[in-house]
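Down below is the structure, laid out as structure tokens.
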Amino acid sequence: MLTQSYMLQETYVGSNEPTEYVLTNQKLVTKSKKLKLDSLVSTAKDVFLPQGYPDSVSADYLTYQIWDTAQAFCSSLTSALASRAVLTGYGVGDQGASVAAATLAWLLRDGCGMVGRILFAWLYGTALDWDCKRYRLLADVLNDLAILIQLLCPLAGPPGSPAVVAVLCIASVTLALVTVCGGATRAAFTMHQARQHNMADVSAKDASQETLVNLVGLVVNLTFVPLITGPVAVPVFIIFTSGHIFGNWCAVRSVAMETLNPSRLHLVVVSFVASGGRACSGVAEVNQSEPLLRSCAAPLRLGCPLSAPAAALPADRLVDGLRQQRHRRLAVFTGASSYYAVLAEDATSADQLLAVFQCELIHLARTRPKLFDAVGGCSELRAGDAAAAATAERLMPDFLGALSKAGWSTEPLLLGAGQHRLTWSNEATEYVLTQQKLLIKGKKRKFDGFVSTAKDVFLPQGYPDSVSADYLTYQMWDTAQAFCSSVTGALAGRAVLTGYGVGDQGASVAAATLAWLLRDGCGMVGRILFAWLYGTALDWDCKRYRLLADVLNDLAILMQLLCPLAGPPGSPTVAAVLCVASVLLSLVGVCGGATRAALTMHQARRHNMADVSAKDSSQETLVNLFALLFNLAFVPLITGGAAVLAYLLFTFGHLYFNWRAVRSVAMETLNPSRLHLVVVSFVASGGRACSGVAEVNQSEPLLRSCAAPLRLGCPLSAPAAALPADRLVDGLRQQRHRRLAVFTGASSYYVVLAEDATSADQLLAVFQCELIHLARTRPKLFDAVGGCSELRAGDAAAAATAERLMPDFLGALSKAGWSTEPLLLGAGQHRLVWSKSA
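Take a look at the structure:
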């Protein structure tokens with residue numbers, strides 16, 4: 001009999017206080033419990049910070065979020081001032097105001113915003129990825145400008161007048177740009193912050209933090225906004241607008257991205273040349289020096305069409321340049337004030353980096369030649385493109401080494417490359433290269449045609465290669481549901497305006513503003529609680545929560561439709577209904593926004609999340625624009641019982657189209673349900689193969705999980721509470737050599753992970769639990785593969801069987817097209833550490 005005892009420590013990622021256990025011969029004794037999970041500080045971390053903080057996020061996360069919440073507070077105060085002005089513009093408290101006219105103004109305002117959203121995403125969508133800092137600042141400036149325009153609304157004329165409608169439309173266009181610009185750059189920032197494939201969790205907790213500060217702002221608004229009238233509103237707006245812009249500037253400045261965009265690459269090349277080719281500046285230093293209002297990079301068109309340098313250079317020079325650089329996968333041309341990099345069809349990201357590096361060297365040799373005193377090569381860089389190419393290729397290995405030492409990442413490269421590629425052929429295609437000139441034979445690409453322009457406006461750059469294979473199908477169903485949602489939203493909009501008192505002489509602007517603020521406050525509390533309870537699940541179960549967001553959205557619209565029936569405008573019952581609807585919509589905001597981040601990450605295949613997000617916004621905006629025309633024509637006619645019938649019809653369509661959209665998504669990553677289905681197919685095949693990505697995604701349940709009831713990465717106290725003490729002790733001793741310990745309960749499975757457990761260990765643990773669960777519930781599946789009796793004999797025997805089958809399982813996963821990185825298995829953050837014998 002063993003008499004030795006062991007000390008175990010259980011850590012919770014993000015906490016410095018472990019729970020200590022003493023493992024004796026027949027029992028596990030809790031020595032001290034330093035983890036105070038119920039304390040205020042620990043609970044606050046769970047509510048407002050991503051699971052696994054600080055290891056699960058970037059090093060600059062906390063600094064950025066502090067400044068970001070500070071600017072959100074200022075924005076909340078200025079928005080409250082604007083909301084009162086907007087309500088006045090719609091006619092709240094004005095007996096002469098018409099509900100129909102206010103609804104029409106609302107729809108026209110939305111229509112103008114939609115057009116602005118589409119145009120901005122078309123013109124600047126791709127730049128939102130590689131210049132996200134500048135456009136993030138732009139979004140904040142535009143937001144303050146929109147609030148200023150709204151504040152001026154009452155001065156434009158009587159409520160509902162054309163002048164007021166025009167002002168509201170201008171504000172709507174500005175806010176539309178904020179939505180595209182801010183939302184898309186937020187996706188890029190979240191991708192930078194999320195270090196454990198936890199984008200949805202980071203996004204949800206970001207919403208919680210901003211909501212908390214908005215809640216504080218709401219209290220301030222309720223106390224002071226009614227007192228801020230007349231001329232006093234102007235200095236208040238200026239003070240908090242200044243705070244808002246300053247907070248945003250500090251937030252963006254605090255972000256230290258390891259990826260290279262044009263400006264950061266320029267600064268790195270400058271430091272490399274100045275050091276004599278020995279080193280380059282680090283990530284923090286360059287990010288602190290990066291200009292936020294303009295680009296400091298060389299004026300370069302990367303991946304441009306051949307017609308660009310052809311229009312800027314003499315024909316003989318262009319021909320010579322093409323001939324001299326034909327052996328490369330790129331051709332660089334130096335113009336009078338710009339640089340052109342034409343890329344070959346098989347050009348890689350390394351070729352793009354070389355092209356930009358060469359252009360930056362040439363630009364520095366022309367503008368700052370003294371920098372080259374130590375590294376040399378200035379005369380060659382100014383001698384011509386061919387000589388410059390040789391110099392760039394000579395320095396490139398040292399530059400790559402310096403980049404690596406300084407902590408820079410060259411994947412992904414965010415250099416803003418265009419999509420034009422050149423293919424050399426023995427047959428004349430688009431261009432004919434003769435001795436001294438380049439002739440355009442025929443333009444097969446009709447970039448000015450309607451279809452091509454529509455692709456540029458509504459599809460991500462590089463489509464279809466830049467997105468997942470299921471992109472188009474998903475977006476078609478998604479735009480269909482957006483149409484239905486827009487119609488039901490318009491029906492609800494009229495009811496909400498009635499509830500606020502539009503057209504009611506007895507309604508008060510102050511009361512309507514108070515109701516607005518209370519509604520927002522309830523929504524904020526709901527948003528925080530939902531992100532706390534379900535934030536991490538939004539990553540690994542994004543399909544289900546995407547559907548939940550749509551159901552909640554329709555339920556919120558139903559509540560808004562019932563608003564006029566609840567009582568007179570501004571009454572407590574109406575305010576209560578609006579508050580309930582606001583809570584539901586806040587859950588939609590967190591749930592839909594976070595799962596959208598996860599789906600966008602799946603769709604973006606060229607590190608182009610901001611572009612995919614912006615174009616998704618454009619597509620939804622287009623269908624909403626069509627829905628707007630429908631709303632203008634038919635919504636005023638839909639009253640009484642017809643409104644109920646219309647709501648039911650379009651709500652059914654909204655839910656059905658969303659179901660089809662989510663069902664069309666084929667994710668190659670493994671979550672609990674997909675892994676369960678894959679294991680079932682693997683066992684049924686005799687351990688030879690498993691189902692493919694498309695088949696499993698079509699079978700995956702969307703309303704519930706089909707996986708084994710498992711707690712992965714749970715605290716040791718979980719199996720200790722469910723199992724006899726001697727069985728727990730035996731299990732720990734038998735599995736001590738592993739980086740995991742699996743315990744089988746009566747109806748659940750528990751996996752305790754060691755501190756050094758990897759994602760491969762997590763996959764093995766879940767694989768083992770799924771095998772045990774199938775052996776207990778569907779034993780006939782094992783007729784071909786064997787091992788059923790061992791899996792039911794105990795955790796140690798089951799572990800041996802799982803480890804025996806694991807290599808074949810991994811091979812089957814690879815053949816079927818599954819990716820095991822990242823693993824989205826919903827692992828908890830508790831980790832166990834074995835200590836020396838006590």
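Take 1 as the starting number for the sequence shown in full-length UniProt numbering and just add one per residue.
For glycine and all other residues, C-beta sits at the position ideal for the given N, C-alpha and C.
Check, Outcome
"For the pair the segment 309 to 319 and the segment 256 to 264, tell me if three or more CB-CB distances fall below 8 Å.", "no"
"Which residues does DSSP list as the beta-bridge partners of residue 823?", "670"
"According to DSSP, is residue 69 part of a helix, a strand, or is it coil?", "helix"
"Beta carbon of residue 623, beta carbon of residue 782: below 7 Å?", "no"
"In angstroms with no decimal places, state the Cα-to-Cα distance between residue 392 and residue 743.", "59 Å"
"Any idea what DSSP makes of residue 705, helix, strand or coil?", "coil"
"Identify, in the order they occur along the chain, each residue of the same chain with its Cβ nearer than 8 Å to the Cβ of residue 329, setting aside the five sequence neighbours on each side.", "343, 344, 346, 347, 348 and 351"
"On the premise that residue 389 lies in contact with residue 332, defined as a C-beta separation below 8 Å, what is that separation, rounded to the nearest angstrom?", "7 Å"
"Just confirm the distance between the C-beta atoms of residue 193 and residue 57, as a whole number of angstroms; I'd bet it's less than 8 Å.", "5 Å"
"Have a look at the DSSP bridge pairing and note the partners of residue 458.", "DSSP, once it has assigned bridges, lists no residue as partnering residue 458."
"Out of 582, 583 and 564, point me to the one whose CA is closest to residue 574's CA.", "564"
"I'd like the span of the alpha helix (DSSP H) that includes residue 285, first residue to last.", "283 to 289"
"Is the distance from the Cβ of residue 117 to the Cβ of residue 169 below 7 Å?", "no"
"Measure the Cβ-Cβ separation of residue 613 and residue 621 and say whether it is below 7 Å.", "no"
"So is residue 756 buried or exposed if we call it buried at 16+ other beta carbons inside 10 Å?", "exposed"
"Take residue 357 and list the residues in its own chain whose beta-carbon comes closer than 7 Å to its own, dropping the five residues that flank it on each side.", "269, 392, 396 and 399"
"Go ahead and label residue 711 buried or exposed: buried means 16 or more other beta carbons lie within 10 angstroms of its beta carbon, across all protein chains shown.", "buried"
"Going by CA-CA distance only, name the one from 672, 625 and 749 that's closest to residue 176.", "625"
"Less than 7 Å between the C-beta atoms of residue 719 and residue 750, yes or no?", "yes"
"Look at the alpha carbon of residue 376 and the alpha carbon of residue 335, and state the distance between them as a whole number of angstroms.", "23 Å"
"At what residues does the beta strand (DSSP E) containing residue 345 begin and finish?", "Taken as a continuous stretch (DSSP letters only), residue 345 belongs to no beta strand (DSSP E), as it is neither H nor E."
"Would the beta-carbon of residue 580 fall within 7 Å of that of residue 566?", "no"
"Quick one: Cα of residue 147 to Cα of residue 132, how far?", "23 Å"
"By DSSP, does residue 411 sit in helix, in strand, or in coil?", "strand"
"By Cβ distance below 7 Å, which residues in the same chain neighbour residue 673 in space, the five residues on each side in sequence not counted?", "700, 701, 705, 706 and 707"
"Could you pull the start and end residues of the alpha helix (DSSP H) that residue 749 belongs to?", "Where residue 749 is concerned, there is no enclosing alpha helix (DSSP H), although the beta strand (DSSP E) it sits in stretches over 749 to 753."
"Looking at the unbroken alpha helix (DSSP H) that takes in residue 743, where does it start and where does it end?", "No alpha helix (DSSP H) holds residue 743; the beta strand (DSSP E) holding it covers 740 to 744."
"Looking only at its own chain, which residues have a Cβ that is under 7 Å from the Cβ of residue 583, when we skip the five neighbours before and after it?", "522, 523 and 526"
"With a cut-off of 8 Å on the beta carbons, I'd call residue 679 and residue 774 a contact; round off their distance for me.", "7 Å"
"From which residue to which residue does the beta strand (DSSP E) around residue 332 run?", "330 to 334"
"Are residue 221 and residue 70 closer than 7 Å when you measure CB to CB?", "no"
"Between the beta-carbon of residue 457 and the beta-carbon of residue 122, is there less than 7 Å?", "yes"
"Which residue's Cα is closest to the Cα of residue 658: 450, 549, 128 and 410?", "549"
"Which value, in whole angstroms, describes the spacing of the CA atoms of residue 364 and residue 371?", "8 Å"
"Ends of the alpha helix (DSSP H) at residue 302?", "Residue 302 -> not in any alpha helix (DSSP H); beta strand (DSSP E) instead, spanning 300 to 302."
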